[in-house]
Structure formats: C-alpha cells, structure tokens
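This report refers to the structure that appears directly beneath it.
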Amino acid sequence: MSNQKHPENLEQDFTCSSRRGFLKATTALTAIALSPTLITKAAINHRDEKLAAFFEKIPLNIEVNGKSYKMETEPRETLLDFVRERLQLTGTKKGCDHGQCGACTVHVDGKRVNSCLTLAVMQEGKKITTIEGIGSGEKLHPMQASFLKHDGFQCGYCTPGQIMSAIACINEGHANSPSEIREFMSGNICRCGAYPNIVDAIVEVKNGGQKG
Amino acid sequence: MENLLNLIPDDTDRTDGILKVTGGATYSAEYKIEGLTYGVLVQSTIAKGKITVLETKKAEGAPGVIKVLSHLNLNNSVPRYAKDDNVTIDRNIQKVFYNDQVYFAGQPIALVIADTYERAVYAASLIKANYQEEKHHTYLEKNLENSISPEGKDYLRNEKDAYKNSEVYLEAEYHQLNNIHNPMELGSITANWESDEKLTVYDKTQGVFGSQKHYAGLYGMDSKNVRVIAPFVGGAFGMALHTWPYQDAAVIGAKITKLPLKLMLTRMQMFTMVGYRPETKQFIGIGASKDGVLNGITHNAWGVTSTYDNFTEGTVGGTQFMYKCPNVNTQYKLVKLDVSNPIWMRGPGEATGMFALECAMDELAFKLNMDPIAFRLKNYATVHPVNNLPWSSKFLDECYELGAKKIGWYNRNPKPKSMTEDGMLVGYGMASGVFNAGRGAATARVILDENGKLTIQSAITDIGPGTGVMMKSVAMDSFKMDAIQIIVELGDTNLPPAPTQGGSNTTSSVGSAVYDACTALKEKMVEVYNQSFGEQKVYDDFKFNKEGFNIKGKSFSYVDLLKKAGLKELEVTRESRSGTERQKYVFNSFSVHFTKVHVHPLTGMVKVKEVVCALDAGKIISEKQARSQMIGGVVGGIGMALTEEGVYDHRYGVYTNNNFADYHVPVHADIPPIDVLFVNKPDPYINPIGAKGLGEVSIIGLAPSIANAIFHATGKRVRDLPITLDKIAIWRD
C-alpha cells in the first residue's frame with residue numbers, strides 16, 4: 001500500500017541541488033550536533049536555537065492538491081503534520097500516528113499512503129492528494145457522494161481516510177466483491193462502526209464504473 | 001398528548017455530511033489561531049508512589065520551548081485547586097499536576113509547551129523523573145477482599161439466594177477486562193484566553209455546558225466568560241462525558257503563557273487519560289421450575305475503580321427488572337486499584353451486566369431443554385418488578401418475533417455442535433438488551449427568516465449519531481418543509497442550553513425541545529397573521545406546508561407573512577422537559593440481537609456471519625441515521641465480545657497493548673452484513689415525539705448473543721470476554 005522507497009533508494013531523493021548544497025554545508029555541524037553532551041550544554045544555554053533552526057529548515061518542493069509549494073520542513077515532521085499544521089489542510093486526520101488506523105490516508109503520486117508514517121522531507125517533487133483535493137461541496141467526487149448517500153460515516157473523523165483509501169482500493173483493482181473490499185479496506189478503522197455502509201458506498205462507485 | 005410525529009421513513013442526509021466527506025469539518029485541534037502553541041504531556045512510568053525528582057531543565061532549554069508545567073511550578077495559580085486538599089474536583093476529575101503523588105501509570109506529570117509540535121515532542125523526551133515507588137495493585141482478582149459497597153446497601157426482593165431452592169438452577173462466574181473507548185479522534189483541545197477574564201475552548205466534549213462550568217470553576221469565573229465550541233466531535237462513546245486532567249493542563253498552560261495552546265493526546269495516552277469500561281467480575285445464580293418459571297436470581301458484580309474515585313455504573317440494575325421473577329438479590333461492589341478512573345462506555349454497566357444475565361438465561365434454557373426465546377417469553381414482565389409501575393411502552397415481545405423470523409431462528413437445529421457450513425461449525429445465538437429511556441431538560445430556538453429559511457439552534461453536541469439531522473427531521477415534519485429549507489446549528493455554549501449527549505437521551509430531550517419550539521413558532525405565526533391582517537383565526541385553521549400555510553383555501557407563504565408584518569425574522573425559544581408521567585410509568589428502550597457465527601473446528605477462530613437486531617426505541621426519527629447508529633453499536637459489541645481487552649502487566653501496572661495494533665477494535669474484515677429492524681411504534685407518554693433513544697441498546701445484548709452462538713456452534717460456554725480462540729480451545733475436545 002505504501003510507495004515508500006527502500007533505504008538504498010533514498011539517496012536519489014536528495015538530488016535537488018539546493019538539498020545537496022545543504023547537506024554538504026552541514027556535514028561539520030552534523031558531527032557537532034550529534035554529540036550528546038554538546039547538545040545538552042547548548043540546550044541549557046539556549047545556544048542551540050539558531051543551530052536548531054538551521055537543521056529544522058530543509059527546503060521542500062512539493063505539490064499538494066495540484067498546487068506547488070516551495071517550503072521548508074523539519075526533517076522530523078511527518079507528512080501528516082505538514083499538511084495539517086503547515087498547510088492547514090486539516091481534512092487529513094490524526095488517529096494514531098503509528099500507521100495503525102488509516103485516518104491519515106492520502107495519495108502520494110496516486111497511491112494510498114499513511115501520511116503519519118512518512119516524513120514530509122521524503123516527498124520532494126511528489127504529488128500529494130488530500131481529501132480537500134478530490135472534490136468540494138459544489139462538486140463532490142463520486143466516492144464522497146456515495147459515502148453521503150449510504151451514510152458511510154457517523155462522527156466523520158475517519159471519513160477522509162476511508163474515502164481516500166476507497167478511491168485507491170478501486171484503482172488498485174481490489175474492489176471486485178464486498179469481501180475483497182472488506183479485506184483491502186481493513187487498514188482504515190471506523191470506531192463508530194459504519195463499515196457495512198462504507199462497503200455499500202464503495203460497491204456502488206465500483207459498479208458505476210467510476211474511477212478515482 | 002398532542003399529535004405525534006407523522007414521519008415517513010426518510011433518507012435525509014446528515015446536516016454536516018458534506019463537510020464530513022470533504023474534509024471541511026473542523027474538530028477541536030483544527031482551528032487556525034494566530035500564535036498557536038503546542039502542548040505535549042509527559043506521563044508517570046510507575047503505578048504508585050511519589051515523584052522525588054523531576055528534571056525539566058533540559059526540556060526548558062530545548063529549542064522552541066516556552067514553558068514546562070508540573071507540580072513544581074503550578075503553585076497556587078489555579079484557585080479551585082488551591083481551595084481544598086482533595087485530589088479531585090467536580091466529584092471525580094483528578095487535579096492535574098496537583099502534587100508529587102502518582103496514582104496510576106500513565107498519569108500526566110508535566111506539560112511541555114513549545115512553538116511547534118515537533119519541538120514539544122522532543123523536549124518532552126528530555127524530561128526525567130525519579131520516584132519513590134510504593135507497592136501497587138492492579139489485579140482485580142487478587143484484591144476482591146478489599147472491595148467496598150458504593151451504594152450502601154444491596155438490592156433484595158423477597159428471599160435471598162432463592163435460586164438454590166429451584167428445581168433447576170445454575171451458578172456461573174463471568175469476567176471481562178477493560179474496554180477502552182478509543183474514538184478515532186484523539187482527545188484534543190485548543191484553549192485560547194482572549195484576555196485574562198475571557199476563555200474560548202475548542203473542546204472534545206459530549207456536553208459543552210459541563211465543560212464550560214468546569215473551566216469557569218477552575219478560576220472562579222462567570223460561566224458567560226467561558227465559551228466552549230464543539231460542533232464536531234470525532235466519536236466519544238462516553239469518554240468525553242466530563243473533562244479530564246489533560247484538558248485542565250491545556251487551559252492552565254494557556255493561561256500561564258498567555259498564548260493559545262493546542263493539546264492532542266497520543267493514542268497510547270487515550271488508554272490511561274480518558275477512562276474506559278472497567279474490568280468486572282460477576283456471579284449469577286439463577287433457578288427455575290422444570291417448566292421454565294423463574295424462581296430466583298442472584299447477581300453480584302465487582303467492578304474496578306481508581307483509588308481517588310468511586311466510579312459506579314448500573315451493572316446489576318437490569319437483572320432486577322428484566323424478567324418476572326419473585327426473588328431477586330443483587331450486590332455491586334467496587335475494587336479500588338492503582339489505575340486511572342473509568343468512565344461510562346457505550347451501553348455502560350448495563351452492557352456488562354446483561355452479558356452475564358443473558359448468557360445465564362441461555363444456559364438455563366438449555367438445561368431446561370427450552371427454546372431461549374420461549375423461556376424469556378414465559379418470564380416476560382409486563383409490570384416493572386421493582387416499582388410495580390407499568391411501562392410507558394414495551395414491545396420487546398415483538399422484537400423477539402421480528403428478529404427470529406429474519407435470521408431463521410426456528411430453522412436451526414438447536415442441538416449444540418450440530419450444524420456445519422463450508423467446513424465451519426455454525427452457531428445461532430440471541431440475547432436481549434434494555435436501557436433507561438430518559439428525558440432531560442433541553443432548549444431549542446427556531447428562527448424563520450425573510451427568505452423562508454428555518455434555523456434551529458441548540459447547544460447539544462453531535463458525537464456521531466446524527467443529532468443535527470434528527471433536529472432537522474422533527475422540524476421538517478412540523479412545518480412540512482423540505483430539508484434544504486432548514487439549517488441546524490449546534491455544539492456551542494452560545495446556543496440555547498441542552499444536556500450532555502449521552503445515555504441515549506438526546507433525541508428524547510432535544511428532539512422534544514425542537515418539536516415544542518416549532519409548535520410555538522407556528523402559534524406565533526398565527527398571532528402575527530391575525531395582527532397583520534386584522535383577523536381572528538385560530539391555530540387549527542392553519543394547514544402548514546412546504547412554502548407556508550393554507551387558511552380555508554387561501555395560501556400564504558412564510559416570506560409573504562414576514563413581509564406583510566414588516567419583520568426580518570420570527571424567533572421562538574422553548575425549554576422542554578419531562579413531567580409527572582415519570583411518576584406513573586417506567587421508560588425503557590429494548591433490543592434483541594441475533595447472531596450467526598462460524599467457528600473453525602480446529603482453531604476455534606470465530607467469524608460473525610450475520611447479525612439481526614430488532615428494537616423497540618419508540619418512534620424512529622431519522623431512520624437512515626438510526627440504522628447507522630444501531631449498526632455502530634453492533635460493531636462495538638463485536639469488539640467487546642471477541643477482541644477488545646486492555647491487558648496490564650501487573651508487575652508494573654502498565655498496559656501491554658495500548659495501541660491499535662495490539663488492542664483490537666473490529667476492522668472492515670470482521671464485520672458481516674447487519675440487519676436492523678425497528679418496531680417503530682411511538683411511546684405515548686415519554687415526550688411529544690414518541691422517541692425513546694437507541695444509542696445504548698444497540699450494543700447491550702450483543703456480546704451475550706455471540707457467546708450464546710458460540711455455545712450453539714461448539715458446545716463450549718465461554719464466560720470470559722473477549723472470547724478469543726484460546727478460550728474456546730476447541731482442539732482439546
């Protein structure tokens with residue numbers, strides 16, 4: 001379900017020139033910063049504010065819902081926190097932060113990904129789609145309309161993740177029967193228990209021949 | 001009793017549906033506020049003792065950190081905390097960072113406030129605590145002798161333990177571990193002090209007024225200076241019935257820093273900071289004559305609570321009145337352990353208690369060689385056995401019939417381990433459920449504007465059942481309006497008062513207030529009409545319709561009426577509450593759950609194949625959402641029955657499975673098709689809309705129906721929830 005790369009492929013993510021320059025320039029600082037005693041001292045004396053700020057700002061070129069962003073991200077910032085806190089796209093939900101509930105599901109280059117399990121810094125040059133990017137109140141995506149029709153939610157908190165996952169589930173070819181849908185949607189927990197209605201919603205979209 | 005609602009089954013979508021499917025619904029951690037700071041809580045790692053050293057210096061010096069708050073520096077900054085030496089306020093809410101004492105593992109001991117979430121998380125990791133540990137107790141079974149009776153006296157009707165004198169009787173013990181609510185939205189709060197005297201809180205709460213009162217109380221403020229906003233609540237199931245220490249931490253932190261603060265719990269923190277359905281051990285003794293007439297029931301329960309509160313729930317209550325039985329005695333005890341405080345979880349103690357009673361009923365029916373439904377009908381109560389009052393309405397018998405027919409109950413071979421299908425053992429089980437049908441005082445405001453749009457307002461929250469669409473349905477029926485003409489506003493202390501959403505009484509309470517307000521608005525229209533046209537028409541002359549009303553063949557639109565009267569809008573606010581009917585009748589909702597399971601003959605793995613629920617919840621107001629709510633209760637019940645258990649490592653008093661990978665809530669693959677059947681007969685006495693409520697009865701009785709189905713499939717009685725395959729241990733046969 002994830003399109004995350006193997007560690008050996010990660011390097012190619014850092015080919016952007018600004019990033020290479022950044023990495024070179026910071027090699028020495030990295031060595032200093034990784035020394036625990038120094039970090040502690042710096043912390044107590046508030047001397048590392050500047051240092052920290054430097055480390056916490058890594059250039060990021062990212063496309064979200066068709067819009068290009070040239071931003072900076074902390075290397076420890078998850079894609080989930082990036083879209084929620086930095087871009088104010090709060091439709092993507094935090095339910096566990098451990099990839100165990102699916103509430104944070106977004107599409108990265110068209111594939112469903114738990115955005116809490118991937119870092120924003122790893123998405124250089126990627127195309128991200130969140131729930132806000134697939135439809136609006138004026139023109140709902142067929143999956144959104146189908147969830148509404150079948151009452152495929154109650155509190156609504158897992159809903160964006162369910163919808164993003166459902167669209168991908170059909171596109172992956174994993175929605176050929178209710179039991180297959182149930183299997184391939186099991187990464188998205190709904191505590192209100194809207195499961196049967198969600199399956200009905202997906203079946204209808206699939207039968208309508210609509211794709212994500 | 002005026003005319004009851006005349007609703008036809010409708011498929012009106014939720015009032016907030018579009019916002020929820022487009023990501024536009026804003027929950028309490030999703031408000032954009034300038035200068036927002038982030039709070040992260042540090043928790044105790046021991047279950048009992050004293051904090052001797054709390055090292056916060058490194059955290060305080062870490063990048064972006066604004067403040068570290070703990071018992072070391074809270075001092076007397078919260079007037080309500082300083083008022084007395086109790087460790088709780090508002091009866092049972094633990095004061096946060098109050099002293100150096102640790103009452104349970106996972107207790108919040110410090111709050112780090114930083115300018116970004118990442119920086120707050122990192123700084124929190126730098127805080128170290130040393131403790132002086134004391135011996136802790138988290139094991140219910142080993143502490144039964146220390147139990148207390150919170151209600152003072154036990155219940156006794158006629159002879160005690162009379163079941164023992166019956167021709168046929170059984171004695172059985174039941175047990176279940178903690179269930180944790182785990183709504184999908186994490187506990188979240190955004191606290192914003194607009195000035196020293198004015199607080200706005202975006203809160204995860206089931207009742208905005210309860211929260212408002214609590215926060216105002218912290219600082220001795222006038223409630224009107226505290227606004228609590230919660231139009232969207234991402235599930236709660238009971239965990240947000242009152243506020244918790246994490247919310248105090250956020251409000252206090254924001255007050256001290258004078259900066260808006262957002263605090264979102266982690267999933268792990270959801271296990272120890274916001275309550276749970278407590279571990280409970282039960283004993284049932286039940287006896288009947290050979291022809292199936294109940295003679296006596298004894299029901300004893302021991303529930304877990306914390307050391308700092310006597311949390312009680314209605315675990316043994318249902319047994320006192322569910323069946324016609326001359327001799328009943330019940331006992332409810334609490335075992336105080338070094339754990340966090342429980343709180344009511346959907347179908348609360350009643351779901352726990354009915355698990356024991358309805359399993360015992362099934363077991364006794366089997367001993368009597370009677371059909372479980374026939375046995376229940378033989379002991380059907382038509383007068384409430386505890387207070388000898390009639391029920392306002394009771395169609396439980398119809399529920400048995402409806403459900404049995406739908407699932408094909410009488411086509412099964414009742415002999416255990418007699419049916420197979422696709423290589424699996426097949427079992428059918430049933431159980432009934434009951435819950436109080438309450439009605440609280442609620443107020444609704446209805447505003448008709450010059451464009452003919454109707455706005456309905458009430459402070460009630462909607463944690464998921466579709467309260468908004470319920471309010472809309474009542475108004476649609478009253479005015480014969482289309483859905484599109486009606487706007488609903490809820491979840492805000494600035495709106496007319498409503499009770500906390502919980503205990504299955506929202507529809508009964510708020511629905512009635514909307515009904516009464518709509519009726520009053522129509523009466524006001526008559527008044528306005530007479531004034532505007534100089535006539536003396538009466539209410540009955542008016543026939544209301546989509547656009548307006550018709551008086552003896554003449555049509556007027558709402559728009560025209562307001563124009564003629566020179567009004568921009570017409571507004572009515574009405575409070576609605578129960579009356580003397582509460583002294584004359586007993587009010588209950590009833591449900592019956594039927595389940596069909598497959599059990600793997602070698603591994604004992606259980607798969608629920610079909611669920612049918614039939615219920616008597618009075619008039620069903622918005623059928624589409626009521627059905628969803630029922631399905632949701634069933635899903636929760638499947639978790640309670642088969643997968644959910646909070647497991648402690650008693651050596652340390654900590655959870656071993658405080659995450660979604662190890663605490664198993666049902667997922668898509670666990671859930672079969674679910675049929676919901678409504679008797680749908682209005683209760684004539686409860687309120688003007690005839691609705692009794694169904695949030696709790698949706699789950700009460702589900703777990704025993706599965707346990708009974710597993711017995712039918714395998715011949716094994718498992719009396720310990722959740723029924724995992726090791727307990728069925730079918731391979732030992």
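For the protein sequence lines, the chains are A and B, in the order given.
Note that the UniProt record's numbering gives residue 179 to position 179 of the first sequence, counting from 1, and the numbers run on in steps of one.
Note that the UniProt record's numbering gives residue 267 to position 267 of the second sequence, counting from 1, and the numbers run on in steps of one.
Every residue, glycine too, gets a C-beta built ideally from N, C-alpha and C.
For residue i, count the other beta carbons within 10 Å of its own beta carbon; 16 or more makes it buried, fewer makes it exposed. Which is it?
i                        : result
lysine 568 (chain B)     : exposed
alanine 62 (chain B)     : buried
tyrosine 380 (chain B)   : exposed
leucine 144 (chain B)    : exposed
arginine 142 (chain A)   : Per the sequence shown, residue 142 (chain A) should be read as proline rather than arginine. By the neighbour-count rule (16 or more Cβ atoms within 10 Å), proline 142 (chain A) is buried.
isoleucine 723 (chain B) : buried
glycine 566 (chain B)    : exposed
leucine 602 (chain B)    : exposed
glutamate 421 (chain B)  : exposed
tyrosine 27 (chain B)    : buried
glutamine 176 (chain B)  : buried
Can you pull the chain A neighbours of residue i, defined as C-beta to C-beta under 7 Å?
i                     : result
leucine 402 (chain B) : The contacting residues do not exist; leucine 402 (chain B) stays about 19 Å from chain A at best.
Closest by CA to residue i, which one among the options?
i                        : options                                : result
aspartate 482 (chain B)  : B:Asn657, B:Glu30, B:Ser44, B:Lys546   : B:Lys546
valine 102 (chain B)     : B:Leu156, B:Ser70, B:Ser44             : B:Ser44
alanine 124 (chain B)    : B:Asn130, B:Ile113, B:Tyr131, B:Ile700 : B:Ile113
arginine 80 (chain B)    : B:Tyr98, B:Tyr428, B:His175, B:Ser589  : B:Tyr98
isoleucine 411 (chain B) : B:Gly427, B:Asp397, B:Asp248           : Position check: residue 411 (chain B) holds asparagine in this sequence, whereas isoleucine was assumed. Looking at the Cα atoms, B:Gly427 is the closest of the given residues.
valine 679 (chain B)     : B:Gly646, B:Ser622, B:Asp616, B:Ile686 : B:Asp616
isoleucine 456 (chain B) : B:Ala437, B:Thr352, B:Gln485, B:Ala703 : B:Gln485
glutamate 151 (chain B)  : B:Leu111, B:Thr330, B:Ile730           : B:Thr330
methionine 164 (chain A) : A:Gln88, A:Gln100, A:Phe147            : A:Phe147
serine 195 (chain B)     : B:His181, B:Glu173, B:Arg227, B:Asn165 : B:Arg227
asparagine 494 (chain B) : B:Met354, B:Tyr174, B:Asp84, B:Pro231  : B:Pro231
cysteine 359 (chain B)   : B:Arg732, B:Arg719, B:Leu490           : B:Arg719
glutamate 171 (chain B)  : B:Thr507, B:Arg439, B:Asn179, B:Asp161 : B:Asp161
I need the DSSP call for residue i, collapsed to helix, strand or coil.
i                        : result
lysine 24 (chain A)      : For lysine 24 (chain A), the predicted structure reports a pLDDT of 47, less than 50, and the residue's modelled location is therefore unreliable. A value from the coordinates is still provided. If DSSP states are grouped into helix, strand and coil, lysine 24 (chain A) belongs with the helices.
cysteine 613 (chain B)   : strand
isoleucine 32 (chain A)  : With a pLDDT of only 49 at isoleucine 32 (chain A), under the threshold of 50, the placement of this residue in the model should not be trusted; the figure read from the coordinates follows. Reduced to three states, the DSSP call for isoleucine 32 (chain A) is helix.
isoleucine 730 (chain B) : helix
aspartate 97 (chain A)   : coil
tyrosine 652 (chain B)   : coil
lysine 281 (chain B)     : strand
leucine 156 (chain B)    : strand
histidine 384 (chain B)  : coil
aspartate 720 (chain B)  : strand
Determine whether the Cβ of residue i lies closer than 8 Å to any Cβ atom of chain B.
i                      : result
threonine 90 (chain A) : yes
alanine 166 (chain A)  : no
serine 115 (chain A)   : no
glycine 125 (chain A)  : no
glycine 66 (chain A)   : no
leucine 140 (chain A)  : yes
Give the interface partners of residue i over in chain B, defined as CB-CB distance under 7 Å, in chain order.
i                       : result
histidine 174 (chain A) : Within 7 Å Cβ-Cβ: nothing; histidine 174 (chain A) doesn't reach chain B, min ~12 Å.
serine 186 (chain A)    : Val667, His668, Ala669
threonine 129 (chain A) : Correct list: empty, because the minimum Cβ distance to chain B is about 11 Å.
glycine 135 (chain A)   : Thr22
Chain B partners of residue i, CB-CB under 9 Å?
i                       : result
leucine 148 (chain A)   : Asp13, Arg14, Gly17, Ile18, Lys20, Val21
methionine 71 (chain A) : Those do not exist, as methionine 71 (chain A) stays about 14 Å from chain B at its closest Cβ, beyond 9 Å.
Using a Cβ-Cβ distance under 8 Å, would residue i count as near chain A?
i                       : result
histidine 668 (chain B) : yes
glycine 491 (chain B)   : no
lysine 32 (chain B)     : yes
Interface residues of chain A around residue i at Cβ under 8 Å?
i                        : result
methionine 264 (chain B) : Lys94
asparagine 659 (chain B) : Cys96, His98, Gln100
valine 634 (chain B)     : Gly193
threonine 138 (chain B)  : The premise fails here: threonine 138 (chain B) is roughly 24 Å from chain A at the closest Cβ pair, so nothing lies under 8 Å.
proline 673 (chain B)    : Pro196
proline 348 (chain B)    : Those do not exist, as proline 348 (chain B) stays about 17 Å from chain A at its closest Cβ, beyond 8 Å.
Mind pulling the chain B residues with CB within less than 8 Å of residue i?
i                     : result
alanine 103 (chain A) : Met184
Which chain A residues sit within Cβ distance under 9 Å of residue i?
i                       : result
glutamine 625 (chain B) : Asp151, Gln154
Please determine whether the Cβ atom of residue i lies at a distance below 7 Å from any heavy atom of the ligand PLP.
i                      : result
cysteine 190 (chain A) : This structure lacks the ligand PLP; in fact it carries no ligand of any kind.
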